[in-house]
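Engineer: Before anything else, here's the structure in question.
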Amino acid sequence: MNEFEYRCSLNKNQYELVHEMINKDFVEKLQINYYYDTPDLFFDQQNTTVRIRQIEGLLKGTIKVHDTDNASRSIEESFGVETLPNVIRCGSKKLVCYGQMITERKTWNMHKGITLMLDKNYYLGTVDYILELEYPQIFQEDADKIIKKLTKELGICFTKDNKSKRFFHLLKHIQEGSRNGIDIKYIEKH
């Protein structure tokens with residue numbers, strides 16, 4: 003399944019401003035993504051996410067290949083899981099769980115299948131804020147107009163980094179810091 007979305011990084015003030023601007027018809031859900039990869043982080047290096055997402059006690063596995071030429075496009079394939087495993091096999095590769103990202107997601111169905119999502123993410127001792135605009139490809143033009151208006155009004159920037167990329171980037175930073183004796187503390191992006 004193809005997925006199209008724009009992602010914009012927000013600071014805490016921008017997050018609160020967007021929430022106030024669109025404080026209507028939000029559907030709120032808590033989701034937890036558990037991220038898996040090989041010991042050498044093979045899938046992360048291939049711009050592929052292997053995760054199990056938990057929403058309201060239900061688990062769904064996903065392998066998501068991110069398009070390197072078009073950051074707003076990815077291809078997703080799902081797999082079923084009954085329990086949360088410590089290890090997953092993908093072909094001949096053995097993947098282990100590196101951690102989780104807890105997301106407080108507020109979703110607003112705008113129109114024509116275009117959905118705005120406001121995320122507050124907790125992972126590896128940090129908090130970040132993201133605005134996502136998900137849309138069917140046939141409404142690319144409408145999505146372009148909406149995201150241009152939002153970025154101009156709020157002064158926000160696009161980010162190519164999806165959730166798993168941000169997770170694994172911070173994980174590598176923490177691992178390198180601990181090898182160098184650096185004490186990494188809790189961070190909240192303002």
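At position 24 of the sequence shown (counting the first as 1) the number is 26 in my numbering, and the numbers step up by one without a gap.
Virtual Cβ for every residue (Gly too), placed ideally from N, Cα, C.
For I54 versus P87, is the C-beta distance shorter than 9 Å?
Structural biologist: Taking 9 Å as the Cβ cut-off, I54 and P87 qualify as a contacting pair.
Engineer: Excluding the 5 residues flanking K114 on each side, which residues of the same chain have their C-beta closer than 7 Å to its C-beta?
Structural biologist: Within the same chain, F141 and D144 come within 7 Å of K114 by CB-CB distance, once the 5 residues on both sides are set aside.
Engineer: Where I149 and T40 are concerned, what is the direct C-alpha to C-alpha distance, given to the nearest angstrom?
Structural biologist: 35 Å
Engineer: Am I right that L135 and E5 are in contact with their C-beta atoms under 8 Å? What's the rounded C-beta distance?
Structural biologist: With a Cβ gap of about 12 Å, L135 and E5 do not count as contacting.
Engineer: Evaluate I189 with the Cβ neighbour count: other Cβ atoms within 10 Å of its Cβ, from every protein chain shown; 16 or more gives buried, anything less gives exposed.
Structural biologist: Because I189 carries a pLDDT of 48, less than 50, the predicted location of this residue cannot be relied on, and no value is offered for it.
Engineer: Which of helix, strand or coil does DSSP assign to G63?
Structural biologist: strand
Engineer: Which of the three DSSP states is assigned to E106 in this structure?
Structural biologist: strand
Engineer: Quick check on I116: does DSSP put it in helix, strand or coil?
Structural biologist: In this structure, I116 counts as strand in the three-state DSSP scheme.
Engineer: With 16 other CB atoms within 10 Å as the buried threshold, where does I158 fall?
Structural biologist: Taking all protein chains shown into account, I158 has 16 or more neighbouring C-beta atoms within 10 Å of its C-beta and is therefore buried.
Engineer: From N15 to N72, what distance separates their C-alpha atoms?
Structural biologist: 29 Å
Engineer: Taking 6 Å as the limit between beta carbons, can you name the residues of its chain near Q56, skipping five residues before and five after?
Structural biologist: I34
Engineer: Would you give the residue range spanned by the beta strand (DSSP E) that F81 belongs to?
Structural biologist: R75 to F81
Engineer: May I have the straight-line CA-CA distance separating T50 from T128, to the nearest angstrom?
Structural biologist: About 22 Å.
Engineer: H192 to Q177, Cα distance in whole Å?
Structural biologist: With a pLDDT of 44 at H192, under the threshold of 50, the modelled position of that residue is not reliable, and the figure given next carries that caveat. Computed Cα separation, rounded: 24 Å.
Engineer: Can you tell which of L152, D146 and M103 has its C-alpha closest to the C-alpha of R168?
Structural biologist: M103
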